[in-house]
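Residue numbers (my numbering), protein chains in the order written: chain A, 527 to 675; chain B, 527 to 675. Where a beta carbon is used, it is the ideal one built from N, C-alpha and C, also for glycine. Each remark here refers to the structure printed beneath this line.
Number of protein chains: 2
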Amino acid sequence: MFNKETEYALRGLVYVQIQQLKGLKPGIIEIAKEIDAPLFYTGKIMQRLVKMGFLLSTKGKGGGFYFDLNKEDLPLKTVIQAIEGGKAYSGCGFGLNSCNEDQPCSLHEQYAPIRDAINKLVSLNSVQSLARDYNDGDDILLKREKTID
Amino acid sequence: MFNKETEYALRGLVYVQIQQLKGLKPGIIEIAKEIDAPLFYTGKIMQRLVKMGFLLSTKGKGGGFYFDLNKEDLPLKTVIQAIEGGKAYSGCGFGLNSCNEDQPCSLHEQYAPIRDAINKLVSLNSVQSLARDYNDGDDILLKREKTID
DNA sequence: ATATTAAAAGACCAAAAGGTCTTTTAATAT
DNA sequence: ATATTAAAAGACCTTTTGGTCTTTTAATAT
Chain A
527 MFNKETEYAL RGLVYVQIQQ LKGLKPGIIE IAKEIDAPLF YTGKIMQRLV KMGFLLSTKG
587 KGGGFYFDLN KEDLPLKTVI QAIEGGKAYS GCGFGLNSCN EDQPCSLHEQ YAPIRDAINK
647 LVSLNSVQSL ARDYNDGDDI LLKREKTID
Chain B
527 MFNKETEYAL RGLVYVQIQQ LKGLKPGIIE IAKEIDAPLF YTGKIMQRLV KMGFLLSTKG
587 KGGGFYFDLN KEDLPLKTVI QAIEGGKAYS GCGFGLNSCN EDQPCSLHEQ YAPIRDAINK
647 LVSLNSVQSL ARDYNDGDDI LLKREKTID
């Protein structure tokens, strides 16, 4: 569904938010471990996210990543578009330039509702809402200790 | 939606089928031009499709690509899976190994119906059905002369 | 002040995707 | 037979994606 960078970015952001709700400020080592992503790559991605203004960080002892609480919720779509470029989930399912609403290709009409559903999914879900869902214990967004049953 | 190779492959196959319905047997040069894809790359892809058994070809004068009429319709999904690998449209939307029906992640439940719709789309549409749609004049699957209006 | 900690910056590397081009093989028409 | 045509084979190249590692900068605690 997403490329690796986007995937790690979203998981990282949600993890930071979850920790922030507990009053914590995780660092790269912890984040990478918890979201099950490569350490240095995760570091690079988190830094990019800071540069893009999606979250904040401090260096040195007690440092780490955290969100500006004054900001509004961050929809997944905003992050995805910042990383993958604006054209994500907008084009023709068949990749035709010449295909549009007026002159749809065979698949266009069938794909349109799917594309719309994806757009809705990433627009309605935010880093914060996923973090909340997680704390409610409803899901396993992030790596979690394997339970022995 | 698809990667380039898959995209060119599907367009190429549909183009061959459209021409075959007219009693023709197109070659690489014609196919590449008509589906608006790079010449040599298209050649390579068509050859791969022949090797995979999706269509036939003959060399030399009058040669080109064509389908075995005895075979049944070829669903898009079959082609996609042969090119992109079996895991296409099956995993968790968030790319988590630990996510499954029993322990779904936040997005899993929302993504599941979308993934199912995509699966249905590529299962129900075939190279032949798209070629038929095209001949009915319903769509512009392939590159077509720009109409001056 | 300085030692420690942790992010920032950036060089570097590997694999995959996308694409180009030349040579070889096989079919057909003359 | 042989000239022509067109696919097959495969070497090679470029860009993008994914990933690693070292050095630098900034914050904090002693």
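- Contact of L633 (chain B) with chain A by beta-carbon distance below 8 Å involves L647, N651, L656, L667.
- The beta carbon of T568 (chain A) sits closer than 8 Å to those of Y534, G538, I554, I557, A558, I561, all from its chain and outside the five residues before and after it, given in chain order.
- Under the Cβ criterion of 8 Å, A608 (chain B) is not counted among the residues facing chain A.
- Taking CB atoms only, D594 (chain B) has no neighbour in chain A less than 8 Å away.
- Contact note: I640 (chain A) reaches chain B through I640, A643, I644, L647, using a C-beta cutoff of 8 Å and chain order.
- Of all residues in the stretch 532-558 of chain A, only E533, L536, R537 place a beta-carbon less than 8 Å from a beta-carbon of chain B.
- Counting only the Cα atoms, F528 (chain A) lies some 35 Å from F593 (chain B).
- For Y660 (chain B), the nearest CB of chain A lies under 8 Å from its own CB, placing it at the interface with that chain.
- For Y637 (chain B), the closest Cβ of chain A is nearer than 8 Å.
- Between D599 (chain B) and S649 (chain B), the C-beta gap is not smaller than 8 Å, which leaves the two residues out of contact.
- Between A657 (chain B) and V576 (chain B), the C-beta gap is not smaller than 8 Å, which leaves the two residues out of contact.
- When the alpha-carbon of L550 (chain A) is set against those of A:L647, A:K646, A:P601, A:F591, the nearest one is in A:F591.
- Between the beta-carbon of S652 (chain B) and that of L602 (chain B) there is about 7 Å, and that keeps the pair under the 8 Å contact cut.
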